[in-house]
Ligand SMILES: Cc1cc2nc3c(=O)[nH]c(=O)nc-3n(C[C@H](O)[C@H](O)[C@H](O)COP(=O)(O)O)c2cc1C
Ligand code: SF4
Ligand code: FES
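Chains as they are written, first to last, in this note's numbering: chain A, 21 to 455; chain B, 534 to 699.
Here is the structure:
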């Protein structure tokens, strides 16, 4: 549902049906809504059989990269005698993204069940759920649900009487966007600075505590229980445009729409319908100017690209951007694109872990040049300088935070160049005071 | 409040707190994994992570104080200086910015008497900072006051909100 709004007829509420329903938070409430049937079923399956169902569903990672989930699980070694770990990524810090928060606080047992099934599939006994430190309320609710699940015996040393051990441990973050990057997250759990690690080795070989590890996003894991109950083919059938994009996707929409919130669509719904029907379009008298569809790290789209776009991995890629995390930022004609791109660059500069020179220097320098332009002190050559900096920040660092800073700058200059030039020529009054 | 107290340091990891952390330790294969939880325990108890607290954590986990300091300073939510009785974090990242977050920050500064971002009000009651995306962008402007996550704060609602934090 378009939480906090009622379910729209064009939504497919699979994960979001009970958002806003306080009774669904408790163990009893969740069981009354069909909870833990999937885990019971999965406990009777082999790990390979669980992986096969998820492969057949076409489920892809909802954390940003869209990697096929079943395939990722199949990379975990078999019979290696080592402890395996599952990490659940509940760091959700990408600007515009606030969907995992609703799962944590409204349907925590859906996530616990998803974690338990995934742990069985990858032969792990322990799942660490890494929740960003700022999510105080979601964390409290989720921890209470974990305690209830232990007390009910659905997880613990003898999960549902199966003789199998399933532990779920909540690990609270302490402020750092970069900890959403998978290996930085592992370092944060290990009690280290949240610096991303150089890959390879990949987590399936050497991850958390040096052991084979799988990491999945909250929404990815919450989608697993319905797939187990209703089958891979059923989930794969939920697709309106590309057969490579299956199931439902939570899209958190914010910015200048009349009804911002977390909507659940079948993959492939036209983006125009999402923004104008489900979210109610722009405020009266306003027109659409730009959309950043997948969290702040993806290219900015124009209204023409939005009008032609199917909301799924392939559809958004065809329009030159990415589905990413599904955090959609909508901007109307009141938006100063240069100022907002500066804000985003400042975000990445603030969040850089500073290990790589190109990222540390590049994000800071990009921000300073954009600020200079906004003060009316820019030069035309600054635009080329920004683009050459962006080039030096793309594909040259340990993780893609650096690339993420370059992306809105490059697409912003390509699509809204006139706004940059207006500040530089003085046609537009400075938006920032001189220093 | 001053950074240097004349009173001797009272350890945090005693009694129940120690027991709780030791129990949590059984869920991890290394002792070092308790570092973030241990720092949270310190901050909950004392309001900030002092140099003496860093030494206590280091001894508890058998790592060096320099190592602990390196971790503390990496994570923005740990305070390495004392802060006001009520710590206010206002999101001003792009999605909130385009919907009016800057006005909310100004209202907080004005009504708390804090002279600047990051500075504590003269009565010691408040510290206000801007933070990056709080992950609740549909509820502009989201604000964290201590551990209370408050949605949809407007400049107009700030005075009544502050009254709840004496
Ligand atoms: C800088 C950075 C931040 C990230 N933040 C998150 C995050 O907050 N949540 C998330 O699920 N994935 C995040 N990711 C992606 C993760 O590294 C990882 O791909 C994902 O958690 C895998 O889960 P999935 O396959 O289920 O999508 C981030 C990646 C990078 C490079
Ligand atoms: S790209 Fe940036 S955030 Fe990523 S590892 Fe390098 S310095 Fe850290
Ligand atoms: S930008 Fe303010 S909560 Fe996300």
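Ideal Cβ placement from N, Cα and C applies to all residues, glycine included.
Query, Result
"Residues, ordered as in the chain, of the stretch 197-223 of chain A that lie near chain B by beta-carbon distance below 7 Å", "197, 208, 209, 210, 211, 212, 213 and 214"
"The stretch 71-81 of chain A in contact with the stretch 238-256 of chain A per 3-pair CB rule at 8 Å", "yes"
"Under 7 Å from the C-beta of residue 189 (chain A): neighbouring residues of chain B", "560"
"Interface flag, residue 565 (chain B) vs chain A, CB-CB below 8 Å", "yes"
"Through-space distance from residue 129 (chain A) to residue 205 (chain A), alpha-carbon basis", "23 Å"
"Under 7 Å from the C-beta of residue 410 (chain A): neighbouring residues of chain B", "In chain order: nothing, as chain B lies at least about 18 Å away."
"Whole runs of the beta strand (DSSP E) within the stretch 254-321 of chain A, excluding any shorter than 3 residues", "268-275, 281-286 and 308-312"
"Proximity test, residue 666 (chain B) beta-carbon vs ligand 1 heavy atom, cut-off 7 Å", "no"
"Residue environment, residue 98 (chain A), which counts as buried when at least 16 other CB atoms sit within 10 Å", "exposed"
"Pair within 8 Å by beta-carbon distance, residue 109 (chain A) and residue 83 (chain A)", "yes"
"Between the CA atoms of residue 106 (chain A) and residue 317 (chain A) - distance to the nearest angstrom", "26 Å"
"Ligand 2 heavy atom lying under 7 Å from the CB of residue 304 (chain A)", "no"
"Helix, strand or coil at residue 453 (chain A) [DSSP, three-state]", "coil"
"Nonlocal neighbours in the same chain, by C-beta distance under 7 Å from residue 679 (chain B), ignoring five residues either side", "619 and 620"
"Length of the line joining the Cα atoms of residue 264 (chain A) and residue 32 (chain A)", "18 Å"
"Interface positions of the stretch 280-292 of chain A facing chain B (Cβ-Cβ less than 8 Å), listed along the chain", "280, 281 and 282"
"Check: residue 85 (chain A) C-beta below 7 Å from any heavy atom of ligand 1", "yes"
"Contact set between residue 603 (chain B) and chain A, taken where Cβ atoms lie within less than 7 Å", "213"
"Boundaries (first-last residue) of the alpha helix (DSSP H) holding residue 700 (chain B)", "Not covered by the structure: residue 700 (chain B). The range shown for chain B is 534 to 699."
"Cross-chain neighbours of residue 351 (chain A) in chain B, by beta carbon under 8 Å", "631"
"Beta carbon proximity, residue 627 (chain B) to chain A, threshold 8 Å", "yes"
"Contact with chain A by residue 649 (chain B), beta-carbon distance below 8 Å", "no"
"Proximity of residue 140 (chain A) and residue 70 (chain A) at Cβ, strictly below 8 Å", "yes"
"Exposure of residue 177 (chain A), with buried meaning 16 or more beta-carbon neighbours within 10 Å", "exposed"
"Residue 620 (chain B): first and last residue of the uninterrupted beta strand (DSSP E) it sits in", "619-624"
"Distance, residue 387 (chain A) Cα to residue 454 (chain A) Cα", "15 Å"
"Beta-carbon contacts of residue 215 (chain A) that lie in its chain and below 7 Å, excluding the five residues immediately before and after", "204, 207, 373 and 375"
"Beta-carbon proximity of residue 44 (chain A) to residue 137 (chain A), cut-off 8 Å", "no"
"Residue burial classification, residue 568 (chain B) (beta-carbon count within 10 angstroms, cutoff 16)", "buried"
"Reduced DSSP secondary structure (H/G/I, E/B, other) of residue 389 (chain A)", "helix"
"Residues near residue 672 (chain B) in its chain [Cβ-Cβ closer than 8 Å; skip 5 each side]", "684 and 685"
"Three-state secondary structure assigned by DSSP to residue 88 (chain A)", "strand"
"Rounded C-alpha distance that separates residue 288 (chain A) from residue 267 (chain A)", "10 Å"
"CB-CB length for residue 443 (chain A) against residue 393 (chain A), believed under 8 Å", "5 Å"
"Whole-angstrom distance between residue 690 (chain B) and residue 697 (chain B), CA atom to CA atom", "12 Å"
"Enclosing alpha helix (DSSP H) for residue 575 (chain B) [first to last residue]", "568-579"
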